[in-house]
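One point on numbering: in numbering that gives the first Met the number 0, the residue at position 195 of the sequence shown is 194, and numbering is uninterrupted.
We put the beta carbon where it would ideally sit given N, CA and C, even for glycine.
The structure appears below as structure tokens.
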Amino acid sequence: MPEGGPAGGDGGDGGDVIFRVDEGLRTLVDFRYQKHFKAERGEKGRNKSQHGANAEDMIVRVPPGTIVIDDDTQEILADLTRHGQEVVVAKGGRGGRGNTRFATPNNPAPSISENGEEGQERWVVLELKVMADVGLVGFPSVGKSTLLSVVSGAKPKIGAYHFTTLTPNLGVVDVGDGRSFVMADLPGLIEGAHEGVGLGHDFLRHVERTRVILHVIDMAATEERDPFEDWLKINDELKLYNAKLEERPQMIAANKMDMPEAEGHLEEFKRRLAETGRDIPVFPISAYAKSGVQEPLYKVADMLETIPEMPVVEEIADISERKVYRLEAEEDEDFTIRRDNDVFVVESPSIEKLIKRTNFSTHESVMRFARILRKKGVDKALRDRGAKDGQTIRIGDFEFEFVEQE
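See below:
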């Protein structure tokens, strides 16, 4: 405003990208179709000292059990487990300052304003650990999917071949006495799973999130495997992946008891289990014939009442609740200078940030930028390194000409 002082308002801040847990979601399938999320820019500042509006945050809904990992550093940013829990994945940029901010008694109407900062940009990887009360574990084709379909409304794909279940199927089990719980039929396990063989890591990641492990064992040995050896191998894989899984409450469902020779195998199994000294309840069932399945359900419901709501997993602290202390360089020494042939390269995050915010279209802004560099000691440091009049100085994406002050 001529004769009236400065009147340029500040720009608004850009929106953050926030992940928020929605317990109504169960999968990450939506992210297969949309992979880019961008919050809006803040509004520009206006005359009459009007501040531009801050942009709305972008809320991205994710299911409970989602782990957010920075793709570049592999750092775990958040472990989202509770409904409504939030984490800021990418911060919006700060709005630039209008010329009202630079008014001084000596310069009441400055022609200086700043550009806004760029918002944060990053690639993240999302992993989902299914959160269920009971996880069905066992080798492929032992009857886990059949059992889930019998005791709940779930309709998993069932077949007499390996790796029927490639993704977890969840079903809500109504025990019949007013109690209910969520049961997950997890991908079939094979030896070497803890090293990622087969569906190993996918399987074991989900087991971590279950409160009770229900081993389903083919007691009829229809594939000529030893039922007890199967149980040992499964436990070994769980322990090798995460030692804490060995302490998780367990039950054993001895399936396919309607088949010949199953009774003999069950007696042998119980005898060898007793020799290990572990007190694990064994329930003879036939998921196919729907016999004996009610008793383990009651036992599971009783067990769930005695253990915590959340599974015992090592939760990652919310990134917003965590303070990180870093040793910072002194304000006047936060730059380094190196030579690239005849070009002097100044490297400094704070100066590069200042460049992005500086509006070089006005003489006053350019002079302010030069004053800040001089105050930081950049001019003197360049002179000490041998910079002469007319030599090129590179800072970030910009190149300047060194001018020796009279």
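Which residues does DSSP pair with Leu-135 in a beta bridge? Asp-184 and Leu-213
Classify Val-16 as helix, strand or coil using the three-state DSSP reduction. strand
Who does Ile-392 pair with in a DSSP beta bridge? Phe-343 and Phe-399
Would you kindly report the start and end of the unbroken beta strand (DSSP E) that includes Glu-85? 85–89
Run through the DSSP bridge pairs and tell me what Phe-282 is partnered with. Ala-252
Nearest-angstrom Cα distance between Gly-276 and Glu-120? 54 Å
State the CB to CB distance for the pair Val-133 and Val-299, rounded to an integer number of angstroms; the pair is presumed to be in contact (CB under 8 Å). 6 Å
According to the neighbour-count rule (16 or more other Cβ atoms, all chains shown, within 10 Å of its Cβ), is Arg-81 buried or exposed? exposed
Using 7 Å as the threshold, is the C-beta distance between Gly-51 and Glu-39 below it? no
Report the rounded CA-to-CA distance for Leu-353 versus Phe-368, giving the unit in angstroms. 8 Å
Neighbour-count burial assignment, Met-295, 16 or more Cβ in a 10 Å radius: The question names Met, yet the displayed sequence has Pro at residue 295. Counting Cβ neighbours within 10 Å, Pro-295 comes out buried, since at least 16 surround it.
CB Leu-127 to CB Gly-64, shorter than 7 Å? yes
DSSP has Glu-113 in a bridge; who is on the other side? Thr-357
Is it buried or exposed, Met-302, if we count other Cβ atoms within 10 angstroms and call 16 or more buried? buried
Under 8 Å by Cβ, that's how I've got Gly-97 and Gly-8 pegged, so tell me the actual separation to the nearest angstrom. 5 Å
If you measure from the beta carbon of His-82 to each beta carbon in chain D, is any gap under 7 Å? Here chain D cannot be found, since the structure has a single protein chain.
By alpha-carbon positions, which one of Arg-178, Leu-79, Val-172 and Lys-232 ends up nearest to Val-292? Val-172
Grab the span of the alpha helix (DSSP H) containing Glu-267 for me, first residue to last. 261–274
Chain-order list of residues whose beta-carbon lies under 6 Å from that of Gly-91 (same chain, five-residue window excluded): Asp-12, Gly-13, Gly-14, Asp-15, Ala-38 and Gly-118
How would you write the range of the beta strand (DSSP E) that Ile-58 sits in, first residue to last? 57–61
Could you compute how far the alpha carbon of Gly-175 sits from the alpha carbon of Glu-304? 16 Å
Leaving out the 5 sequence neighbours to the left and right, which residues in its chain are closer than 8 Å to Lys-269 when beta-carbon positions are compared? Val-281
Do Phe-138 and Asp-229 have their C-beta atoms closer together than 7 Å? yes
Paired residues, beta bridge with Glu-126 - DSSP: Ile-66
Since Ala-77 sits in a beta bridge, which residues does DSSP pair it with? Val-67
Let's test the definition: count the other Cβ atoms within 10 Å of the Cβ of Ala-288 and tell me whether it reaches 16, buried, or not, exposed. exposed
I'd like to know if the segment 377–394 and the segment 346–364 are in contact, where contact means that at least 3 CB-CB pairs between them fall below 8 Å. yes
Exposed or buried, Gln-249, counting other C-beta atoms within 10 Å across all chains shown (16 or more means buried)? buried
If I'm right that Asn-114 touches Gly-95 with Cβ under 8 Å, what's the distance once you round it to whole angstroms? 5 Å
Please state the DSSP three-state secondary structure of Ile-306. coil
In angstroms, rounded to a whole number, what distance separates the CA positions of Met-366 and Phe-36? 38 Å
How far does the beta strand (DSSP E) with Val-172 in it extend, from its first residue to its last? 168–173
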